[in-house]
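Have a look at the structure below, then the notes.
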Amino acid sequence: MKRQIFSLFLLLLTLVACGDKPLDPNKPVYVKIKTTMGDVTVLLYDDTPLHRDNFIKLCQSNEYEGMLFHRVIKEFVVQGGDPESKAHEPGALYGDGDGGYTVPAEILPNHFNKKGALIDAKEIDAVNPERASAGTQFCFVQGKVLDDKELAEKEARINEIRRNWLYYKFRDELKKQDPSLAADSLENELHARASILVEDTLAVLGPVVIPAERREIYKTIGGVPHLDGSVTIFGEVVEGFDIVEKISVVKTDKNDRPLHDVMIKSTKVFQK
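Count the sequence shown with mature numbering (1 follows the signal peptide of the UniProt record, and there is no 0) and you get residues -19 to -1, 1 to 253, in order.
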């Protein structure tokens, strides 16, 4: 996935839901995603406008038609949106296509990865410390119901993910401040300086704790809590949970691609 800066100039008012009728900025926006296994309807969040408007634009222009859900992991996520997957080449590994651009991260503390969350897809923090999203790709969170012991383990993982992200973030910032630190001969110095910044930052921030009300949702509805704070969540499934469930348990190959293609047939943007 290419790491290019993405600037979105389209305003919501200029986007068209159907025909020539503009979307009403005072009403929520929904998208119905028709797949070969059934329909899934998502509500898009207004507080992640870059991702919302990007997704609307892609859906209105029928960009997703023919794309596959190329990565399906039981009790984790259902991922699609790679333009290259339109080729439907048997056995091919998809997932690198992003439409040629990325969307700046909009990671907000009020959203979390409950079952049905609509989230971004992106490259790992080591090469993408800005956590920019792949332009065209998205995931449905499936996850599972967790008990207190499992939630404690996920909480520890959230903190470890944050620690690693801070490390790569500080490495990137230090190299921008002093390009000479990119030299192999200065790797030890770069590592040491980044590590000190990580420890100092964590001493101020303290550990991440999953809030009680969020824990209750993970214990009753389910989700993927270890992704909290590290992905952009820009919507949620409101209809078709059963379809996401069906897709999430299909048989897959060693690369998590379904053995029998699960395809996006069409997308429709609408308001109620």
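No residue lacks a Cβ here, since even glycine has one placed at the ideal position from N, Cα and C.
query	result
Whole-angstrom distance between Leu162 and Glu168, CA atom to CA atom	7 Å
Sequence-distant residues of the same chain with beta carbon closer than 7 Å to Met18, five excluded per side	Ile224, Lys227, Ile228 and Val243
Whole-angstrom C-beta distance between Ala86 and Thr182, which should lie under 8 Å	At roughly 18 Å, the Cβ-Cβ gap does not stay under 8 Å, so Thr182 and Ala86 are not in contact.
Helix, strand or coil at Pro71 according to DSSP, with G and I counted as helix	coil
Residue environment, Val219, which counts as buried when at least 16 other CB atoms sit within 10 Å	exposed
Closest by C-alpha distance to Asp237, when choosing among Leu155, Ser211, Leu171 and Gly76	Gly76
Cross-strand partners of Phe50 (DSSP beta bridge)	None; Phe50 has no bridge partner.
Cβ-based neighbour list, Ala115, same chain, cut-off 6 Å, excluding 5 preceding and 5 following	Met(-19), Asp79, Ala102 and Lys103
Rounded C-alpha distance that separates Glu197 from Lys157	42 Å
Counted within 10 angstroms of its Cβ, other Cβ atoms place Pro64 as buried (16 or more) or exposed	buried
Residue ranges of each alpha helix (DSSP H) within the region 14 to 52, 4 or longer	30 to 41
DSSP state of Pro160 mapped onto helix, strand, coil	helix
Candidates Phe93, Glu134 and Leu147: closest to Asp106 by CA position	Leu147
Continuous beta strand (DSSP E) stretch holding Thr248: start and end	Ile245 to Phe251
Option nearest Leu240 by Cα separation, candidates Cys40, Asn35 and Ala73	Ala73
Assigned exposure category for Pro3 - 16 Cβ within 10 Å defines buried	exposed
Buried/exposed call for His69, threshold 16 Cβ in 10 Å	exposed
Sequence-distant residues of its chain with Cβ nearer than 8 Å to Arg112 (five each side left out)	Ala86, Ile88, Lys103, Asp106, Trp146, Ser211, Val212 and Thr213
Contacts around Asn43, its chain only, beta-carbon distance under 8 Å, and the 5 residues preceding and following it disregarded	Ser247 and Thr248
N-terminal and C-terminal residue of the alpha helix (DSSP H) that Phe222 is part of	Phe222 to Ser229
Pairwise C-alpha distance: Val189 and Asp128	18 Å
Helix, strand or coil at Ile139 according to DSSP, with G and I counted as helix	helix
Check: Asn91 C-beta below 7 Å from any heavy atom of the ligand ADP	Of ligands this structure carries none, so the ligand ADP is not represented either.
Arg144 beta carbon less than 8 Å from that of Leu171	no
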